[in-house]
Amino acid sequence: MSLYLTDSEISDICDPLTRPSAQVRYLRSLGLVVNLKPNGRPLVIRSHFEAVLGGLPAKRDDALTEAPNESALILHFKARDGKKAKLQPA
46 MSLYLTDSEI SDICDPLTRP SAQVRYLRSL GLVVNLKPNG RPLVIRSHFE AVLGGLPAKR
106 DDALTEAPNE SALILHFKAR DGKKAKLQPA
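Numbering (the working numbering), first residue to last: 46 to 135.
Spelled out as structure tokens, the structure:
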């Protein structure tokens, strides 16, 4: 299996559109990242296509989903204001 969708697969997905520019617009409307081949035809990575249209859950970075450290934030603002502060246990 190829790393990229074949021209035939793209044609099947975009049927009845036959012009490469129309296919690119349609694929992008589906939420896909589409690059162009030197001949102007759309180029789509297979794994991205499967993730977007296959219903796979999006990967989330755990560091971005953690709650903010409220104690550290309070400590920061008190220190900025010149006040002594103690770290409160959570």
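C-beta atoms are modelled at their ideal positions from N, C-alpha and C, and glycine is treated no differently.
Nothing here was measured: the structure is a model prediction, and the numbers come from that model.
| Query | Result |
| --- | --- |
| Would DSSP call Pro87 helix, strand or coil? | strand |
| Quick check on Phe94: buried or exposed, where buried means 16 or more other Cβ atoms within 10 Å of its Cβ? | buried |
| Which residue from Leu75, Asn80, Arg86 puts its Cα closest to that of Ser56? | Arg86 |
| Are Cys59 and Leu72 touching if we call contact CB-CB under 8 Å? | yes |
| Is Leu72 helix, strand or coil when you go by DSSP? | helix |
| So Leu75 and Leu98 are supposed to be a Cβ contact under 8 Å. How far apart are they, rounded? | 7 Å |
| Mapping the DSSP letters down to three states, classify Leu81 as helix, strand or coil. | strand |
| Which residue comes first and which comes last in the alpha helix (DSSP H) that contains Ala112? | Neither: Ala112 is in no alpha helix (DSSP H) and is coded neither H nor E. |
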